[in-house]
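Colleague: Chains S and G, in that order, give the protein sequences. So the first sequence is numbered by the working numbering: it starts at -19 and just counts up by one. So the second sequence is numbered by the working numbering: it starts at -19 and just counts up by one. Don't be surprised by glycine CBs; every beta carbon is placed ideally from N, CA and C. All figures in this text were calculated on a predicted structure; none of them were measured in a lab. First the structure, then my questions, so here it is.
Number of protein chains: 2
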Amino acid sequence: DAFVTAITSQGEDYSRWYLDVVLRAELADYTPGLKGCMTIRPYGYAIWERIQQLLDARLKATGHVNAYFPLFIPESLLMKEAEHVEGFAPEVAWVTHGGKEKLEERLAIRPTSEVIIGTMYAKWLQSWRDLPILINQWANIVRWEKVTRPFLRTTEFLWQEGHTVHETEPEAEEETLKILGVYKEFVETELAMPVIEGRKSDAEKFAGAAKTYSIEALMGDGRALQAGTSHNLGQNFAKAFEIKFQGRDKVEQHAWTTSWGVSTRLIGGLIMVHGDDSGLVLPPNIAPYQVVIVPIPRGDWRETVLPHAQAIKEQLVAAGVRVMLDDRDAYTPGWKFAEWEMRGVPVRLEIGPKDIEKQQVVLARRDTREKQFVPMDGLSVYVQGWLTDIQATLLARATQVREERTHYTESYDEFKTLMAGARPGFVYAPWCDDADVEARVKTETQATIRNYPFVAPSAEGKTCFVTGRPATVMACFAKAY
Amino acid sequence: DAFVTAITSQGEDYSRWYLDVVLRAELADYTPGLKGCMTIRPYGYAIWERIQQLLDARLKATGHVNAYFPLFIPESLLMKEAEHVEGFAPEVAWVTHGGKEKLEERLAIRPTSEVIIGTMYAKWLQSWRDLPILINQWANIVRWEKVTRPFLRTTEFLWQEGHTVHETEPEAEEETLKILGVYKEFVETELAMPVIEGRKSDAEKFAGAAKTYSIEALMGDGRALQAGTSHNLGQNFAKAFEIKFQGRDKVEQHAWTTSWGVSTRLIGGLIMVHGDDSGLVLPPNIAPYQVVIVPIPRGDWRETVLPHAQAIKEQLVAAGVRVMLDDRDAYTPGWKFAEWEMRGVPVRLEIGPKDIEKQQVVLARRDTREKQFVPMDGLSVYVQGWLTDIQATLLARATQVREERTHYTESYDEFKTLMAGARPGFVYAPWCDDADVEARVKTETQATIRNYPFVAPSAEGKTCFVTGRPATVMACFAKAY
Ligand SMILES: [Zn+2]
Ligand SMILES: [Zn+2]
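Listed below in structure tokens is the structure:
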């Protein structure tokens, strides 16, 4: 066990590369006897904790509070909103027995919580003075999936789901878009993952929503990943669950609701946006460890080198840097270099007897593999500078890759060629907004409309790239996870 | 809706008082159609978030990391540890269908995670070098309970569960006791809830444990609440799930494991230890809001008073105080005073036009109801002093109440009289450690052994208070939740 097992290269088999990284970096593991249920291991969970911490602060800063609603949804409740049932019923896990007794009514394990939360909101809401209700929940979710992949699609996953209630339609729409903006800023700033904001086509929108918006990221293999969604639910759920209030005009009326979420899927995105053939590459803002210190074991290094390594660790920790000091005896420095590189730690710090003599350390960047001697004096400031630079470099690099793989076409033939390519990317095309044609494009090319981007060339005066009919919107297509 | 609905007094009906506080303070609510499943509302969940934050920091400081394991346990796995099955099978919720398909094997929703985590540890553990494994999980748990009460006993609840693996028996025992100590320090320091540490009798120990330790608190009605447990699982689970490793001697051997947890039950404890006839009383360290500012609306108060109230809020927030500024127009100051008192906010700050003239504010303490004029100059320091004092006062008061309701007896007749009293409290008694007699005491008096306290009078030379046989241990009895 003295060497890091090689991981499959991206070029050889991207799917295999992904699974190798997940397992070898100890982000997650399969659970015996539970197909599709992953265990999130401590290193993967530490990334999720960072995501929670950084996003939760943003949600609180925009006036949201957290709560916790039941895991179960009685079958009769789930049936109340027709489109919602149709969308989720096929993938619901059902509880039928409690202890030895058969339940009178089956309970669904939440595949999402609009129904149970809507039921509570109906109970709580009375007057326009109670509005808006701005509640978020961090929870586990179960969807019975046939084909699963760690983080990207699992039977159980973790997420946050916001559920808000508003007095008017414009306020609900404002909230829906505000959250989409929070997601974009969060994902780009902290995960260094550039995303395209836009509205989903009717075919791709959430079951029961009036409008769904999404942020879409491009993975290393040229496929898209939906990284977050925000739904304006109109009055659909308010009517199905009687979420009503007495308005300013004293008249009872249905409220306007929204819901929105991001999940552990983001970790899958992180892996695929930044990872390379050596494994994970973590943006400093989200990395469990930003710096790994590897002492070089010469002579009685535990007496000579280790105390310096520990002092450096303390100095960096005091400066707010997350540090791992790998002082294990059982592994060589070379093994440790490869191991922490595979685990994506942004900066490696090497220190040996000669460095101590010269009052310096060696720093190595995971992203550019640049190595540099740096004086111990002023080290924390230097390291922090590197971390900031790595964060920015990763975002810039991912943005550049995305730009290179983003195309515009007005020709379906060219579209087909692009989608048949090795790393297809995003294709913008003028579109007539017809669900039947959308289905046909999916069948013929596997590509789906990711969204109608907020920022895109105008469709004005263009014709649909498939049908030649007048285009009403610019659509962004991709093969997606 | 302009007045706070009265809550039942403790003396009239303690149970009703408890439910009134839970519902009126908006800590939790019943969920229509889901008996025994509570919704934790934002104010209650904010308390849980404080508990999570403060306890999680302690668990990390003692070397533990977080992870996430599946919600489901295949039936065949759950059956592997005999005592464990017997203890939990009657209260397991079973999933039998995924979508429209019947599952080949039923899945239990975790009633606790020893089984699924043990399965993963067996997969991960190879060498003594991998030990100890120190993992904690924050998760939801389902136990199909017949009689439920918000926070105290609910079908679904939230908790943390630590699961550790060790090389030797003494190390497992050391971990078990270390965590018990962490729990005691945490609950006493942050929740101001004094607890008795001790070992559980065999009858009361965790299903599958070698030894269970607990911390026990005394509620306002003289009943005990088990506030946390720590289990030394010996090699029981290691043998059932093959958690093995190659030892220093190269010989394969079974590991030693522990598990431990505290849950949303702690919130029930908080309510009952500190609450009074006016409602909740929250220790400052755990209170979502430590200070509520109520501006007195005279004249054009939004122009004259409110800006000062806002400035004070900012000043307090900058000093690290959690503040709610209640500037709602729809409610009178009197209503707000009663409302926030009922919600247990430690300090109320009133500010009106006259106060501004005199450069002062009025502070009122929730615990002692003391009111005082305090100059605006140096206000944050003053408030922080009060918060520290309130925290200490609540612990001292709860400790005093517990001492007053703690008795020692060597007579079963006296014991029965004590247990038949209105607020029975803890009774220490010399004990022969016989499960049959323990069952008889429970039947006859409803009292159970809470634990064998670490700190107690010696049983040496005493005789059992029930049987007259030689006592082997001092037991602490109480009627319990
Ligand atoms: Zn078209
Ligand atoms: Zn006895």
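(1) At which residue ranges does the segment 138 to 221 of chain S contain complete beta strand (DSSP E) runs of 3 or more residues, listed in the order of the chain?
(2) With respect to the beta strand (DSSP E) encompassing methionine 304 of chain S, which residues constitute its N-terminal and C-terminal limits?
(3) For alanine 460 of chain S and glutamine 106 of chain S, which I take to be in contact (beta-carbon distance under 8 Å), what is that distance rounded to the nearest angstrom?
(4) Could you say which of S:Arg328, S:Gly365, S:Gly43 lies nearest to glycine 476 of chain S if we only look at CA atoms?
(5) Does the beta carbon of methionine 199 of chain G sit closer than 8 Å to a beta carbon anywhere in chain S?
(6) Strictly below 8 Å CB to CB, what residues from chain G border aspartate 9 of chain S?
(7) Looking only at its chain, what residues have a beta carbon closer than 8 Å to the beta carbon of aspartate -19 of chain S, apart from the 5 residues adjacent to it on each side?
(8) Excluding the five sequence neighbours on either side, which residues of its own chain have a C-beta within less than 6 Å of the C-beta of leucine 39 of chain G, listed in chain order?
(9) Please report the residue range of the beta strand (DSSP E) in which methionine 454 of chain G lies.
(10) On a CA-only basis, which of S:Ser243, S:Trp240, S:Lys224, S:Gly241 is nearest histidine 234 of chain S? Give me that one, please.
(11) So with CB distances below 8 Å, who are the chain S contacts of alanine 267 of chain G?
(12) Spell out whether any CB of chain G is found under 8 Å from the CB atom of phenylalanine 52 of chain S.
(13) At a Cβ threshold of 8 Å, is isoleucine 115 of chain S touching chain G?
(14) Are the segment 208 to 220 of chain S and the segment 153 to 173 of chain S in contact at 8 Å, needing three or more beta carbon pairs?
(15) Suppose the cutoff is 7 Å on Cβ atoms and the five residues either side in sequence are ignored; what does the same chain contact list for valine 297 of chain S look like?
(16) To the nearest angstrom, report how far apart leucine -1 of chain G and threonine 423 of chain G are at their CA atoms.
(17) Are any of the Cβ atoms in chain G nearer than 8 Å to that of valine 72 of chain S?
(18) Tell me which same chain residues have a C-beta within less than 7 Å of the C-beta of phenylalanine -17 of chain S, skipping the five on either side of it?
(19) Please report the residue range of the beta strand (DSSP E) in which tryptophan 411 of chain S lies.
(20) Could you check what DSSP says for tryptophan 473 of chain G in three-state terms: helix, strand or coil?
(21) Tell me, please, whether the segment 237 to 253 of chain G touches the segment 15 to 33 of chain G by the rule of three or more beta-carbon pairs shorter than 8 Å.
(22) Could you check where the alpha helix (DSSP H) with tryptophan 28 of chain G kicks off and where it finishes?
(23) With glutamate 168 of chain G and leucine 375 of chain G assumed to form a contact (beta carbons below 8 Å), what rounded beta-carbon distance in angstroms separates them?
(24) Starting from the beta carbon of arginine 21 of chain G, find every residue of chain S whose beta carbon is closer than 8 Å, and list them in chain order.
(25) Could you tell me which chain S residues have their CB closer than 8 Å to the CB of glutamate 29 of chain G, listed as they occur along the chain?
(26) What residue range does the beta strand (DSSP E) around histidine 44 of chain G cover?
(27) Can the beta-carbon of threonine 19 of chain G be found less than 8 Å from the beta-carbon of phenylalanine 395 of chain S?
(28) Name the two residues that bound the continuous alpha helix (DSSP H) containing lysine 334 of chain S.
(29) Name, going along the chain, the residues of the segment 369 to 381 of chain G whose beta-carbon falls closer than 7 Å to a beta-carbon of chain S.
(30) Pick helix, strand or coil for isoleucine 113 of chain S, following the three-state DSSP scheme.
(31) Label serine -5 of chain S either buried or exposed according to how many other C-beta atoms from any shown protein chain fall within 10 Å of its C-beta, with 16 as the threshold for buried.
(32) Give the DSSP-derived three-state secondary structure of aspartate -19 of chain S in the structure shown.
(33) Across which residues does DSSP place serine 107 of chain G in a beta bridge pair?
(34) Contact between the segment 60 to 73 of chain S and the segment 70 to 84 of chain G is defined here as three or more beta-carbon pairs at a separation below 8 Å; is this criterion met?
(35) Using DSSP with H/G/I as helix, E/B as strand and the rest coil, what is tryptophan 124 of chain S?
(36) Do we get a CB-CB distance below 8 Å when we pair glutamate 111 of chain S with the residues of chain G?
Modeller: If we stick to the structure as given:
(1) 175 to 179, 191 to 198, 204 to 212
(2) Taking the first sequence and counting its residues from 1, the one referred to as residue 304 of chain S is at position 324. First-last of the beta strand (DSSP E) with methionine 304 of chain S: 303 to 305.
(3) In the first sequence, residue 460 of chain S corresponds to position 480, counting from 1. In the first sequence, residue 106 of chain S corresponds to position 126, counting from 1. Not confirmed; about 42 Å, so no contact.
(4) Here chain S has residues from -19 to 461 only, and residue 476 of chain S is not among them.
(5) If you number the second sequence from 1, residue 199 of chain G lands on position 219. No, because no Cβ of chain S sits closer than 8 Å to the Cβ of methionine 199 of chain G.
(6) As a position in the first sequence, residue 9 of chain S is number 29, starting the count at 1. Simply Met100, Lys103, Trp104.
(7) Residue mapping note: residue -19 of chain S aligns to position 1 of the first sequence, counting from 1. Interpretation of aspartate -19 of chain S is limited by its pLDDT of 40, a score under 50 that renders its predicted location unreliable; no figure is taken from the coordinates.
(8) Indexing the second sequence from 1 puts residue 39 of chain G at position 59. Here the set comprises Asn116.
(9) As a position in the second sequence, residue 454 of chain G is number 474, starting the count at 1. For methionine 454 of chain G, the uninterrupted beta strand (DSSP E) run begins and ends at 453 to 458, by DSSP.
(10) Position 254 of the first sequence, counted from the first residue, corresponds to residue 234 of chain S. The candidate whose alpha carbon is nearest that of histidine 234 of chain S is S:Lys224.
(11) What you label residue 267 of chain G is simply residue 287 of the second sequence in a count that begins at 1. Residues of chain S passing the Cβ test: none, with the nearest at roughly 15 Å.
(12) Residue mapping note: residue 52 of chain S aligns to position 72 of the first sequence, counting from 1. Phenylalanine 52 of chain S counts as touching chain G.
(13) By 1-based counting over the first sequence, the position of residue 115 of chain S is 135. So yes, isoleucine 115 of chain S belongs to the interface.
(14) yes
(15) Taking the first sequence and counting its residues from 1, one reaches residue 297 of chain S at position 317. Here valine 297 of chain S has Val303 as same chain residues with Cβ atoms under 7 Å from its own Cβ, once five neighbours each way along the sequence are excluded.
(16) Position 19 of the second sequence, counted from the start, is the residue given in the question as residue -1 of chain G. Position 443 of the second sequence, counted from the start, is the residue given in the question as residue 423 of chain G. The straight-line gap from Cα to Cα measures roughly 27 Å.
(17) For this step, residue 72 of chain S is matched to residue 92 along the first sequence. Answer yes: the Cβ-Cβ gap between valine 72 of chain S and chain G drops below 8 Å somewhere.
(18) Your numbering for residue -17 of chain S matches position 3 in the first sequence. Here the model assigns phenylalanine -17 of chain S a pLDDT of 47, short of 50, so the residue's position is not dependable, and the following value carries that caveat. Answer for phenylalanine -17 of chain S: Trp315, listed in chain order.
(19) Position 431 of the first sequence, counted from the first residue, corresponds to residue 411 of chain S. Per DSSP, tryptophan 411 of chain S belongs to the beta strand (DSSP E) from 406 to 411.
(20) In the structure as shown, chain G starts at -19 and stops at 461, and residue 473 of chain G therefore has no counterpart that could be examined.
(21) yes
(22) Translated into positions along the second sequence, residue 28 of chain G becomes position 48. Looking at the DSSP string, the run of the alpha helix (DSSP H) that includes tryptophan 28 of chain G is 22 to 41.
(23) Walking along the second sequence from the start, residue 168 of chain G turns up at place 188. Walking along the second sequence from the start, residue 375 of chain G turns up at place 395. Sure, about 6 Å apart at Cβ, within 8 Å.
(24) By one-based count along the second sequence, residue 21 of chain G stands at place 41. Within chain S, Ala47 have C-beta atoms less than 8 Å from the C-beta of arginine 21 of chain G, given in sequence order.
(25) Counting from one through the second sequence, the residue named residue 29 of chain G turns up at place 49. Asn46, listed in chain order.
(26) The residue given as residue 44 of chain G occupies position 64 in the second sequence. Looking at the DSSP string, histidine 44 of chain G is not in any beta strand (DSSP E), and its letter there is neither H nor E.
(27) Position 39 of the second sequence holds residue 19 of chain G. Position 415 of the first sequence holds residue 395 of chain S. Cβ distance not < 8 Å, so threonine 19 of chain G and phenylalanine 395 of chain S don't count as in contact.
(28) Within the first sequence, residue 334 of chain S is the residue found at index 354, counting from 1. Run containing lysine 334 of chain S: 333 to 337, per the alpha helix (DSSP H) assignment.
(29) none
(30) For the purposes of this step, residue 113 of chain S is taken as residue 133 along the first sequence, with counting starting at 1. Three-state result, isoleucine 113 of chain S: strand.
(31) Working through the first sequence from its first residue, we reach residue -5 of chain S at position 15. With fewer than 16 Cβ atoms within 10 Å of its Cβ, serine -5 of chain S is classed as exposed.
(32) Here residue -19 of chain S corresponds to residue number 1 of the first sequence, with the count starting at 1. Model confidence at aspartate -19 of chain S stands at a pLDDT of 40, short of 50, so the residue's coordinates are unreliable; what they give is reported in the following sentence. Residue state, collapsed to three classes: coil.
(33) Counted from its first residue, the second sequence places residue 107 of chain G at position 127. Note: serine 107 of chain G sits in a beta bridge opposite G:Gln226.
(34) yes
(35) Residue 124 of chain S sits at position 144 when you count from the first residue of the first sequence. Here tryptophan 124 of chain S sits in coil by DSSP.
(36) For the purposes of this step, residue 111 of chain S is taken as residue 131 along the first sequence, with counting starting at 1. Correcting the residue type first, residue 111 of chain S is leucine in the shown sequence and not glutamate. Judged by the 8 Å Cβ criterion, leucine 111 of chain S is not in contact with chain G.
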